[in-house]
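Asks: Take a look at the following structure, please.
Protein chains: 2
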Amino acid sequence: MRSLILPIALLVSSTFTLPSFATVSDTSLDKAEQLREIAQRSHLGFDIVESLTVEVGPRLAGTSADARAVAWAQAKFSELGFDKIYKQPVSVRHWQRGAASAEILSPFPQPLAITALGDSVATPKEGLTGEVIFFDSVAALKQADPKKVNGKIVYIDARMHQHREGKEYSLAVAGRSIGSSVASEKGAIALMIRSVGTDKSRMPHTGNMRYQAGVKKIPAGAISTSDAMMLMAMNKRGKTITVHMNLDTTMHKPTTSYNVIGEVTGSTYPDEYILIGAHLDSWDEGTGALDDGAGVGITMAAAKLIGQFKPKRTIRVVLFANEEGGLIGAKEYRDANASELHKIKLAGESDFGARSIWRFDSQVHPKNLDLMAQIAKVLQPLNINHGDNKAGGGPDVSILPAKGVPVFSLRQDGTDYFDYHHTANDTLDKINPQQLRQNVAAWAIVAYLAAESEAPLLPLTIK
Amino acid sequence: MRSLILPIALLVSSTFTLPSFATVSDTSLDKAEQLREIAQRSHLGFDIVESLTVEVGPRLAGTSADARAVAWAQAKFSELGFDKIYKQPVSVRHWQRGAASAEILSPFPQPLAITALGDSVATPKEGLTGEVIFFDSVAALKQADPKKVNGKIVYIDARMHQHREGKEYSLAVAGRSIGSSVASEKGAIALMIRSVGTDKSRMPHTGNMRYQAGVKKIPAGAISTSDAMMLMAMNKRGKTITVHMNLDTTMHKPTTSYNVIGEVTGSTYPDEYILIGAHLDSWDEGTGALDDGAGVGITMAAAKLIGQFKPKRTIRVVLFANEEGGLIGAKEYRDANASELHKIKLAGESDFGARSIWRFDSQVHPKNLDLMAQIAKVLQPLNINHGDNKAGGGPDVSILPAKGVPVFSLRQDGTDYFDYHHTANDTLDKINPQQLRQNVAAWAIVAYLAAESEAPLLPLTIK
Numbered sequence: 001m002r003s004l005i006l007p008i009a010l011l012v013s014s015t016f017t018l019p020s021f022a023t024v025s026d027t028s029l030d031k032a033e034q035l036r037e038i039a040q041r042s043h044l045g046f047d048i049v050e051s052l053t054v055e056v057g058p059r060l061a062g063t064s065a066d067a068r069a070v071a072w073a074q075a076k077f078s079e080l081g082f083d084k085i086y087k088q089p090v091s092v093r094h095w096q097r098g099a100a101s102a103e104i105l106s107p108f109p110q111p112l113a114i115t116a117l118g119d120s121v122a123t124p125k126e127g128l129t130g131e132v133i134f135f136d137s138v139a140a141l142k143q144a145d146p147k148k149v150n151g152k153i154v155y156i157d158a159r160m161h162q163h164r165e166g167k168e169y170s171l172a173v174a175g176r177s178i179g180s181s182v183a184s185e186k187g188a189i190a191l192m193i194r195s196v197g198t199d200k201s202r203m204p205h206t207g208n209m210r211y212q213a214g215v216k217k218i219p220a221g222a223i224s225t226s227d228a229m230m231l232m233a234m235n236k237r238g239k240t241i242t243v244h245m246n247l248d249t250t251m252h253k254p255t256t257s258y259n260v261i262g263e264v265t266g267s268t269y270p271d272e273y274i275l276i277g278a279h280l281d282s283w284d285e286g287t288g289a290l291d292d293g294a295g296v297g298i299t300m301a302a303a304k305l306i307g308q309f310k311p312k313r314t315i316r317v318v319l320f321a322n323e324e325g326g327l328i329g330a331k332e333y334r335d336a337n338a339s340e341l342h343k344i345k346l347a348g349e350s351d352f353g354a355r356s357i358w359r360f361d362s363q364v365h366p367k368n369l370d371l372m373a374q375i376a377k378v379l380q381p382l383n384i385n386h387g388d389n390k391a392g393g394g395p396d397v398s399i400l401p402a403k404g405v406p407v408f409s410l411r412q413d414g415t416d417y418f419d420y421h422h423t424a425n426d427t428l429d430k431i432n433p434q435q436l437r438q439n440v441a442a443w444a445i446v447a448y449l450a451a452e453s454e455a456p457l458l459p460l461t462i463k
Numbered sequence: 464m465r466s467l468i469l470p471i472a473l474l475v476s477s478t479f480t481l482p483s484f485a486t487v488s489d490t491s492l493d494k495a496e497q498l499r500e501i502a503q504r505s506h507l508g509f510d511i512v513e514s515l516t517v518e519v520g521p522r523l524a525g526t527s528a529d530a531r532a533v534a535w536a537q538a539k540f541s542e543l544g545f546d547k548i549y550k551q552p553v554s555v556r557h558w559q560r561g562a563a564s565a566e567i568l569s570p571f572p573q574p575l576a577i578t579a580l581g582d583s584v585a586t587p588k589e590g591l592t593g594e595v596i597f598f599d600s601v602a603a604l605k606q607a608d609p610k611k612v613n614g615k616i617v618y619i620d621a622r623m624h625q626h627r628e629g630k631e632y633s634l635a636v637a638g639r640s641i642g643s644s645v646a647s648e649k650g651a652i653a654l655m656i657r658s659v660g661t662d663k664s665r666m667p668h669t670g671n672m673r674y675q676a677g678v679k680k681i682p683a684g685a686i687s688t689s690d691a692m693m694l695m696a697m698n699k700r701g702k703t704i705t706v707h708m709n710l711d712t713t714m715h716k717p718t719t720s721y722n723v724i725g726e727v728t729g730s731t732y733p734d735e736y737i738l739i740g741a742h743l744d745s746w747d748e749g750t751g752a753l754d755d756g757a758g759v760g761i762t763m764a765a766a767k768l769i770g771q772f773k774p775k776r777t778i779r780v781v782l783f784a785n786e787e788g789g790l791i792g793a794k795e796y797r798d799a800n801a802s803e804l805h806k807i808k809l810a811g812e813s814d815f816g817a818r819s820i821w822r823f824d825s826q827v828h829p830k831n832l833d834l835m836a837q838i839a840k841v842l843q844p845l846n847i848n849h850g851d852n853k854a855g856g857g858p859d860v861s862i863l864p865a866k867g868v869p870v871f872s873l874r875q876d877g878t879d880y881f882d883y884h885h886t887a888n889d890t891l892d893k894i895n896p897q898q899l900r901q902n903v904a905a906w907a908i909v910a911y912l913a914a915e916s917e918a919p920l921l922p923l924t925i926k
């Protein structure tokens, strides 16, 4: 690991030497437009995702595949000629999925397509059997009489519909996140949820869950939306439904993974960073093409293409470890680099699939809004609108604004993102190469123009 | 089982007593139009498919689920008030799927989504490992040097694209049907094929295969189209690919299943039959909603709705056993009823999913083409064109024209049929209730008007 500690004098130099709030030069704007055309003809982004999904595939944090992904990322940065390549250790949980099965025993025997939620404990080896009690939300479960829940398998049927912005996710995901502890407190023996997804398919969606401290851990799994529809139709028939489920999982000792970082060194302000990134880890059932191979391909390709134009500031691509475990790599990045975060002048993560970007948002100092407007103008031919100054920046960078780091979001069309999210179906064939190129072009433009800004990029007022 | 033997005199009576080649009366045409409107508002077809998929689910021939399906069918016919309900025994193979897994060991380890082909032998308990040799068709495999194939796992990457008529299926399916014997003759240790399907998904497609007599049986499985894309991309990297596969299957002793038959007795010519049907069995991974629960719902509902109008001829709904094993129930039906087939005046099977019907074809005696034209006119408001007189009639009835039985086809839009065909994803949510109602209306019209024909329905000239 390379040390990130640099002399303070160097850190602050650019903000004081740049002319005040001029933005980017016409030359830089010309180059950004060239970059836009080059990126739209480049296969590089797709080639990178293909390479990651074919040569590594699934890469759950802590596994040997995750270690291969780290080695792959270093080798890929090297092959692409990045100036600096290094990694930062991150302690990660190492949870392992085994076989998963479930079946309705009565009144109408048939199998259910199920997957264990991430971090779930296993069932006993022989599985467990119980009567199913139905809820349509965690809120409804919270109000249930414990006497009715005790000894049963709780089923939560929270539904989610397609939206460009995926806006029902945060609501539907509650059952996955906290459902098992709420159920356990009322004496349930297991949790089964309708997959948090918008598809109609036989692909259960996994995803992270957490056990509340002091509450007995019970196994938790998700059935596919197709199975959910069938189960609800069966429940309408008014008979007691008994399910047998068997989830094999293992929680190993924590292990070390890595944030992998590649930089294109700035020609004028090498110690000022435009951070773009994605997360390197993925769930274990698909090949993590959309979540988040696409982000890896988009941001690595964007930085590589920017390299030809010798950006003034450094473009830093961070591939975060273990996002799926709860921003584990991102938190480590934030904490280990606490004294250096002011050098990150703008940050963004691509982590919402591979569909076209339709909107550009920022969360920057008001004095930098002129720059954002200039960037937005260059994005316009890509059919990207200029949005607001309330961007989150993407999961792994969403924790940086609290430390003063400005962020941006290039918002993708997420209409079908939750059809594939966290399923075995998250594979390369879901990526439209042309839409991916539009993404690469947009990321290249934002990162390049931020790197070229004649004006200083100011920290957010820290709340 | 009810005997089908009736006096010869009765069998031929109607053809001699009906006026010559007049077709259907205006009264019957009026009723057919009423039936069309009623069917388009009826939920019955969908309710039947829901009942079958929820209360029985997967029903592979020979299994206890198949036996439950037979009981379900009898009970459903009874609940719907059919006049005669009986079953005909059929000897069926009883093949059972166990766990299936495969993984690439080198050069880039990752799992493959695989399923065993129907009737495949198992691998050794510990699985088998081999180098993969690639072919794009059975034809290419046939020309391969046995020295290069010997000891390897043969992979066939035959592709298939979406078409309304599913016309690439018969070509692509060759690898599934005979690939294992062709590979085995050249010394291969196993067969792996790209799924015979048009989807981009992680759902492997099973289906029937057959071993050539005298050739060593080797295990055969299909990987999903997503895995096929990944494997081909890996193969382009030019390194030897080694795969481990483990398919657990069991061939039990043959057992007895049943063709289940329900009839609405004709008011004037009870011994003349309009046969409509579907197959009751399904593959084991989905719930057989499209293949062929839809056909079961469509034809049962059509016959039930016709019942209100007291058809002159008998409407016979046949739910065939074990179509998936190779028209096993259909062949038994043909052979056991050999002396009675001339009483079947027209036959058709619905077995191509649940999408809208776009064309009506027949294969009838030329003197009955006027009747077909009258039927076609009543179908027109359903956006169904009148096609030709070369209909096959559907898989299970396709063997009847050779015995002189006239058939018809109501051709469905099969564009996405092979996205789900023979996968775990063949579930109720894939059925559009409105399109299913159009199907029920069309089947009701054809069967009713054939039952009402004033003209005799003549046997085909037997070739």
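Going down the list, the protein sequences come from chains A and B.
In terms of my numbering, the numbers along the first sequence are unbroken and rise by one, the last being 463.
In terms of my numbering, the numbers along the second sequence are unbroken and rise by one, the last being 926.
Note that beta-carbon positions come from the ideal geometry of N, C-alpha and C, so glycine has one too.
1. Between the C-alpha atoms of W358/A and Y618/B, what's the straight-line distance to the nearest angstrom?
2. Any Cβ of chain B within less than 8 Å of the Cβ of L6/A?
3. By the DSSP assignment, the alpha helix (DSSP H) with I306/A in it spans what residues?
4. Name, please, each residue of chain A whose Cβ falls closer than 9 Å to the Cβ of T890/B.
5. Would you call the CB atoms of T762/B and E726/B closer than 8 Å?
6. What is the DSSP secondary structure of P682/B, counted as helix, strand or coil?
7. Would you decide whether G238/A is buried or exposed? Buried here means 16 or more other CB atoms lie within 10 Å of its CB.
8. For P381/A and Q438/A, what's the separation of their Cα atoms in angstroms?
9. Please confirm if F135/A has its CB atom under 8 Å from at least one CB of chain B.
10. For the beta strand (DSSP E) containing Q96/A, name the first residue and the last one.
11. Out of curiosity, what's the CA-to-CA distance linking D271/A and T415/A?
12. Name, going along the chain, the residues of the region 884–918 of chain B whose beta-carbon falls closer than 8 Å to a beta-carbon of chain A.
13. Is it the case that the Cβ atoms of Y883/B and D892/B are separated by a distance below 8 Å?
14. Considering only C-alpha positions, which residue in the set K142/A, E126/A, G175/A and N150/A is nearest to V132/A?
15. DSSP on Q110/A, reduced to helix/strand/coil?
16. Quick check on this structure: which residue in S226/A, G393/A and T255/A has the alpha carbon closest to the alpha carbon of T886/B?
17. Counting contacts by CB-CB distance shorter than 8 Å, is E513/B in contact with chain A?
18. Using the beta-carbon count (16 or more within 10 Å), is G677/B buried or exposed?
19. Is any beta-carbon of chain A found at less than 8 Å from that of S483/B?
20. In three-state DSSP terms, what is T750/B?
21. For F872/B, which of helix, strand or coil comes out of DSSP?
22. Using a Cβ-based criterion (distance less than 7 Å to any ligand heavy atom), does D582/B qualify as near the ligand FAD?
23. Output, in sequence order along the chain, the residues in the region 518–544 of chain B whose CB is closer than 9 Å to any CB in chain A.
24. Check whether the Cβ atoms of G286/A and R665/B lie closer than 8 Å to each other.
25. Please state whether the Cβ-Cβ distance between T712/B and A565/B is less than 8 Å.
26. Since Q573/B meets chain A, which of its residues come closer than 8 Å, beta carbon to beta carbon?
27. For Y417/A versus G325/A, is the C-beta spacing smaller than 8 Å?
28. State yes or no: is the C-beta of I739/B within less than 8 Å of the C-beta of V553/B?
29. Between A122/A and chain B, is the shortest Cβ-Cβ distance under 8 Å, so that the two count as touching?
30. Tell me the start and end of each unbroken alpha helix (DSSP H) in the region 630–710 of chain B that is at least 4 residues and wholly inside, in chain order.
31. Can you look up R779/B in the DSSP assignment and give me helix, strand or coil?
32. With a CB to CB cut of under 6 Å and the five nearest residues on each side skipped, what residues in its chain are close to Q162/A?
33. What residues of chain B sit near T53/A, judged by a beta carbon separation below 8 Å?
34. Starting from R359/A, follow the beta strand (DSSP E) in both directions and report where the run begins and ends.
35. Can you confirm whether T480/B, when its beta carbon is compared against all beta carbons of chain A, has any partner nearer than 8 Å?
36. Would you call P456/A buried or exposed, if buried means 16 or more other Cβ atoms sit within 10 Å of its Cβ?
Replies: In short:
1. If I take the Cα positions, the gap works out to 41 Å.
2. Per-residue confidence for L6/A stands at a pLDDT of 37, beneath the threshold of 50, marking its modelled position as unreliable; the derived number appears in the next sentence. With 8 Å as the cut-off, L6/A does not count as an interface residue toward chain B.
3. Looking at the DSSP string, the run of the alpha helix (DSSP H) that includes I306/A is A294 to G307.
4. Residues of chain A passing the Cβ test: K200, S201, R202, S224, S226, D227, M229 and M230.
5. The answer is no: Cβ separation not under 8 Å.
6. In this structure, P682/B counts as coil in the three-state DSSP scheme.
7. The residue in question, G238/A, is exposed, as its Cβ has fewer than 16 Cβ neighbours within 10 Å.
8. So the two alpha carbons sit approximately 10 Å from each other.
9. Nearest CB-CB separation between F135/A and chain B: not below the 8 Å threshold.
10. Counting along the chain, the beta strand (DSSP E) containing Q96/A begins and ends at K84 to S106.
11. Annotation: D271/A to T415/A spans about 39 Å, alpha carbon to alpha carbon.
12. Across the region 884–918 of chain B, CB contacts with chain A closer than 8 Å involve T886, A887, N888, T890, L891, D892 and K893, in sequence order along the chain.
13. Cβ atoms of Y883/B and D892/B: not closer than 8 Å.
14. Ranked by Cα distance from V132/A, the first of K142/A, E126/A, G175/A and N150/A is N150/A.
15. The DSSP-derived three-state label of Q110/A is strand.
16. Selection S226/A, G393/A and T255/A evaluated against T886/B yields S226/A as nearest (Cα-Cα).
17. At a cut-off of 8 Å between beta carbons, E513/B contacts chain A.
18. By the Cβ neighbour-count rule, G677/B is exposed, with fewer than 16 other Cβ atoms within 10 Å of its own.
19. Its pLDDT being 43, under 50, S483/B is placed unreliably by the model, and nothing is read from it.
20. Secondary structure at T750/B: coil, using DSSP grouped into helix, strand and coil.
21. The sequence given here places Ser at residue 872/B; Phe does not occur at that position. DSSP places S872/B within a strand segment (E or B) once states are collapsed to three.
22. Summarising the ligand content, the structure contains no ligands, and the ligand FAD is consequently not present.
23. Per Cβ criterion, the list reads E518, V519, G520, P521, S527, A528 and R531.
24. Judged by their CB atoms, G286/A and R665/B are nearer to each other than the 8 Å cut-off.
25. Pairing T712/B with A565/B gives a Cβ-Cβ distance that is not under 8 Å.
26. Listed by position along chain A, the residues whose Cβ is nearer than 8 Å to that of Q573/B are V56, G57, P58, A65 and T287.
27. For Y417/A and G325/A, no; Cβs fall outside 8 Å.
28. No. Outside cutoff.
29. Not a single CB atom of chain B sits nearer than 8 Å to the CB of A122/A.
30. Secondary structure remark: continuous alpha helix (DSSP H) runs of at least 4 residues inside the region 630–710 of chain B, in chain order: 632–635, 637–648 and 688–698.
31. For R779/B, the secondary structure class from DSSP, reduced to helix, strand or coil, is strand.
32. Excluding residues within five positions, the ones whose Cβ falls inside 6 Å are T198 and T415.
33. Within chain B, the residues whose beta carbon sits less than 8 Å from that of T53/A are M693, listed in sequence order.
34. Following the DSSP letters along the chain, one finds R359/A inside the beta strand (DSSP E) bounded by residues I357 to Q363.
35. Confidence is the limiting factor: at T480/B the pLDDT is only 44, short of 50, which leaves the residue's position unreliable and the question unanswerable from this model.
36. Counting other Cβ atoms within 10 Å of its Cβ, P456/A reaches 16 or more and is therefore classed as buried.
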